[in-house]
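Q: Residue numbers (our numbering): 2 to 219.
Note that beta-carbon positions come from the ideal geometry of N, C-alpha and C, so glycine has one too.
Just so we're clear, the structure is a prediction, and the values are computed from it rather than from any experiment.
Provided herewith is a single structure, encoded as structure tokens, for subsequent inquiry.
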């Protein structure tokens, strides 16, 4: 199907790889990479919201593995829809499917992030999802592992963004600057939507709080 394996070429030749994938099969490896991306995202959410106080480690992992492909698919869909629509404001020409192909293959670096999560789970177990690292006393070795993993995950996230931006230049047929602007516009739209939802939820459920955090003034 491809002259070179896209699993390897995407790292150093993202534009050529994306162009090849989009021209042959833009849905190539959709579900495997949706699973990778979804699992990495769910692990991040699990660490932030600390479900380890309510559920054991096995339950968290099974739930994350089962939900991962669907969560990844959902994230691909929402982000790709917004990128495709707003990209047209900048004279981009990509379809939803083409943008989603970029998102799919920009997820390849997250395979490394998943491996990092495996290492962290082996080392820290359930403590990883219980106010980590604040609720844990770490040895110097454990601290070094945490710092190393954080650096690796940061590097892979940056590289995924580089691949994504390069891919957008291919499918939208515009410059890297417009690709960056496209992503910034979508990030702002998502921020505004989430902010409105948060304000609405807090005010609607204000009776659950001693004092409402926000009040409407008309």
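Mapping the DSSP letters down to three states, classify residue 101 as helix, strand or coil.
A: Mapped onto the chain shown, residue 101 falls at position 100. Three-state result, residue 101: helix.
Q: Should residue 149 be labelled buried (16 or more other beta-carbon atoms within 10 Å of its own) or exposed?
A: Here residue 149 is taken as the residue at index 148 of the chain shown, counted from 1. By the neighbour-count rule (16 or more Cβ atoms within 10 Å), residue 149 is not buried but exposed.
Q: Tell me the rounded alpha-carbon separation between residue 76 and residue 34.
A: Locating residue 76 in the chain shown gives position 75, where the first residue counts as 1. Locating residue 34 in the chain shown gives position 33, where the first residue counts as 1. Rounded to whole angstroms, residue 76 to residue 34 spans 12 angstroms at the Cα level.
Q: Going by C-alpha to C-alpha distance, which of 145, 98, 50, 110 sits closest to residue 121?
A: Here residue 121 corresponds to residue number 120 of the chain shown, with the count starting at 1. Residue 121 has its Cα closest to that of 145, out of 145, 98, 50, 110.
Q: Leaving out five residues before and five after residue 108 in sequence, what residues of the same chain have Cβ atoms less than 7 angstroms from its Cβ?
A: For this step, residue 108 is matched to residue 107 along the chain shown. Closer than 7 angstroms at Cβ, skipping near neighbours: 34, 37, 38, 161.
Q: Note down, in chain order, each residue of its chain lying with its Cβ closer than 7 angstroms to the Cβ of residue 65, except the 5 sequence neighbours on either side.
A: Reading the chain shown from its first residue, position 64 is the one you call residue 65. Hits under 7 angstroms: 40, 43, 44, 47.
Q: Determine the contact status of residue 53 and residue 130, defining contact as a CB-CB distance below 9 angstroms.
A: One-based indexing of the chain shown puts residue 53 at position 52. One-based indexing of the chain shown puts residue 130 at position 129. Contact: yes.
Q: Select from 181, 175, 163, 168 the residue whose C-alpha is nearest the C-alpha of residue 23.
A: In the chain shown, counting from the first residue as 1, residue 23 sits at position 22. Taking only the C-alpha atoms, the option nearest residue 23 is 168.
Q: Give the DSSP-derived three-state secondary structure of residue 16 in the structure shown.
A: For the purposes of this step, residue 16 is taken as residue 15 along the chain shown, with counting starting at 1. Three-state result, residue 16: helix.
Q: Check whether the Cβ atoms of residue 89 and residue 27 sit closer than 9 angstroms, and answer yes or no.
A: Looking up residue 89 in the chain shown gives position 88. Looking up residue 27 in the chain shown gives position 26. Cβ distance not < 9 angstroms, so residue 89 and residue 27 don't count as in contact.
Q: Quick one: what's got a C-beta closer than 6 angstroms to residue 219's C-beta in the same chain, skipping five residues either side?
A: Counting from one through the chain shown, the residue named residue 219 turns up at place 218. Note that residue 219 has pLDDT 45, beneath the 50 cutoff, so the model's placement of it is unreliable and the number below is only indicative. Nothing listed; no residue qualifies.
Q: Just to confirm my understanding: we take residue 114, look at its own chain, exclude 5 residues before and 5 after, and list those with CB closer than 6 angstroms. What are they?
A: On the chain shown, position 113 is the one that residue 114 refers to. 41, 154, 157.
Q: Comparing C-alpha positions only, which one of 184, 105, 204 sits nearest to residue 8?
A: Position 7 of the chain shown holds residue 8. Among 184, 105, 204, the Cα nearest to that of residue 8 belongs to 105.
Q: Roughly how many angstroms separate the alpha carbons of residue 19 and residue 95, rounded to a whole number?
A: Taking the chain shown and counting its residues from 1, one reaches residue 19 at position 18. Taking the chain shown and counting its residues from 1, one reaches residue 95 at position 94. In a straight line, the C-alpha of residue 19 is about 12 angstroms away from that of residue 95.
Q: Is it right to say residue 55 is buried, meaning 16 or more other beta carbons lie within 10 angstroms of its own, or is it exposed?
A: Numbered from its first residue, the chain shown carries residue 55 at position 54. Classification of residue 55: exposed, given that the 10 Å Cβ count is below 16.
Q: Nearest-angstrom Cα distance between residue 200 and residue 190?
A: In the chain shown, residue 200 corresponds to position 199, counting from 1. In the chain shown, residue 190 corresponds to position 189, counting from 1. Taking the straight line from one Cα to the other gives about 16 angstroms.
Q: Please name the residue in 197, 123, 183, 203 whose C-alpha comes closest to that of residue 80.
A: Residue 80 sits at position 79 when you count from the first residue of the chain shown. Nearest C-alpha to residue 80: 183.
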